[in-house]
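In my numbering, the protein residues as written are 15 to 352.
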Amino acid sequence: MADDIGGRIEAWLARCPNPESDPLPGMAQAGLLVPADSYMAIARMKAALVERTGLLGVGGVWGGRQMVGRYFIDGFASEAQRAAWRGKAASVAISEPGVGAHPKHLRTRAEPVASGFRIAGEKAWVSNGPIADVIIVFAMTSEEAGRKRYGAFLVPRDTPGLSMREMPGFHALRPSRHCHLVLDGCSVPAEALLGDPGTAYERMALPFRDQEDAVGTFGTLGAFRFLIARLGGDSEEAALSRGGLMGLVAVFDAAATAVVADLDAAALRDGSAALVGLRVLATEMLGRARAHAVAFGTTGDGGVDTILGDIEAVLNVARGPRAARQIRLGRGEAPGRG
């Protein structure tokens, strides 16, 4: 996938009537739905897609599909599961309405039955859920001394009892779509269990947060590259402002590249301090970009306001846990997983 990134994107755009509403048409023909061979390949293509379109949501639709496939299917699936689902659109359902993704508060259960498992519960903010072929559902399988144990289950979208509706009130990051998921006694075979029983939250869910954050930095990178090309002003002051932002983006690029390289080398530390720094730097860059747009205006199309809003939306995701991680770092403690 690393070869001819620009050519693949142009081949896709030539076949896609409207990326702002539905980016999927033309992606298969352009070779964009083939599973990537590394996290760096996902990261670089994600950055290029956002830079070319000015839509962080396009990077989210494409990158989310690639990330879930590479991490969950390639990383934990059995040979039979990979044969069935590798290369298909998969999404992951962990968070629940009103409680987020905290393992103490999740209520979705998977009860063992003669045919396998029966899953009941609700999930919220399932990214790419409306376009997924299969949902990886985290559900409690047992409770030991007050500690909940979780399994991850491959639930095809046409499973009886599975229904979804779009999440209301969130209009950023288009055309990325999220859904509310209801599992009303969904029956799945024993072979639907992904990985070892009872360990899914510790072994899968927690590490995935940092992996998502690491690759996600490249979506932000692509957004700032798109933005810089449209920041206006011909004066020396405007050039000084734009040059400062360009310098920070170069630093962000170098740090993000190092983090994803560590991820591919299985050397990314849990709760990486570099991920804290990248988030802080992105916030600083966003403030500078907004100030420049106000002081010197913008050039080009009207996508500047959209991309500024999308960057802010990304930085607001999981703000509380990320702030807690930053506080731990400031106290000289290990940041931990946010």
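Cβ atoms here follow ideal geometry from the backbone N, Cα and C, with glycine treated the same way.
Quick one: residues in its chain with C-beta nearer than 7 Å to the C-beta of residue i, no 5 flanking neighbours on either side, listed in chain order?
i           : result
residue 222 : 85
residue 57  : 229, 232, 274
Have a look at residue i and residue j and give me their C-alpha separation to the nearest angstrom.
i           : j           : result
residue 31  : residue 182 : 26 Å
residue 324 : residue 192 : 15 Å
residue 259 : residue 68  : 18 Å
residue 122 : residue 97  : 27 Å
residue 80  : residue 50  : 7 Å
residue 172 : residue 143 : 12 Å
residue 280 : residue 91  : 18 Å
residue 125 : residue 41  : 38 Å
residue 240 : residue 334 : 28 Å
residue 209 : residue 166 : 7 Å
residue 174 : residue 200 : 6 Å
residue 322 : residue 60  : 17 Å
residue 164 : residue 70  : 32 Å
residue 88  : residue 147 : 16 Å
residue 83  : residue 53  : 11 Å
residue 46  : residue 309 : 39 Å
residue 215 : residue 157 : 13 Å
residue 326 : residue 129 : 46 Å
residue 204 : residue 94  : 13 Å
residue 28  : residue 331 : 32 Å
residue 176 : residue 101 : 22 Å
residue 133 : residue 276 : 36 Å
residue 145 : residue 78  : 11 Å
residue 340 : residue 347 : 10 Å
residue 345 : residue 65  : 37 Å
residue 109 : residue 162 : 15 Å
residue 271 : residue 328 : 19 Å
residue 105 : residue 116 : 19 Å
residue 25  : residue 120 : 43 Å
residue 1   : residue 23  : Residue 1 lies beyond the residue range present for the chain, which begins at 15 and ends at 352; the question has no answer from this structure.
residue 354 : residue 313 : Outside the modelled stretch of the chain, which goes from 15 to 352, sits residue 354, for which no answer is possible.
Quick one: what's got a C-beta closer than 6 Å to residue i's C-beta in the same chain, skipping five residues either side?
i           : result
residue 194 : 138, 179, 181
residue 306 : 245, 255
residue 16  : Because the pLDDT of residue 16 is 45, which lies under 50, any placement of that residue in the model is unreliable, and the number read from its coordinates should be weighed accordingly. Contacts found: 55.
residue 107 : 137, 140, 149, 151, 195
residue 338 : none
residue 43  : 29
residue 227 : 289
residue 262 : 299
Is the CB-CB distance between residue i and residue j below 8 Å?
i           : j           : result
residue 151 : residue 169 : yes
residue 190 : residue 112 : no
residue 202 : residue 266 : no
residue 76  : residue 37  : yes
residue 188 : residue 34  : yes
residue 224 : residue 282 : yes
residue 114 : residue 155 : no
residue 343 : residue 287 : yes
residue 186 : residue 234 : no
What three-state label does DSSP hand residue i in the structure shown?
i           : result
residue 55  : helix
residue 155 : strand
residue 71  : helix
residue 188 : coil
residue 170 : strand
residue 388 : One cannot answer for residue 388 here, as it falls past the ends of the chain, which runs 15 to 352.
residue 287 : helix
residue 41  : coil
residue 213 : coil
residue 127 : strand
residue 321 : helix
residue 144 : helix
residue 271 : helix
residue 122 : coil
residue 208 : strand
So the candidates are the options; which of them puts its Cα closest to the Cα of residue i?
i           : options       : result
residue 243 : 311, 38, 103  : 311
residue 253 : 23, 302, 297  : 302
residue 198 : 343, 145, 135 : 135
residue 382 : 257, 299, 237 : A question about residue 382 goes unanswered here, because the residues of the chain that appear run from 15 up to 352.
residue 160 : 105, 64, 118  : 118
For residue i, I'd like the list of residues in its chain whose CB is within less than 8 Å of its CB, leaving aside the five on either flank, ordered along the chain.
i           : result
residue 291 : 269
residue 19  : 58, 59, 62
Does the beta carbon of residue i come closer than 8 Å to any beta carbon on chain B?
i           : result
residue 136 : Annotation note: the requested chain B is absent from the structure, which comprises a single protein chain.
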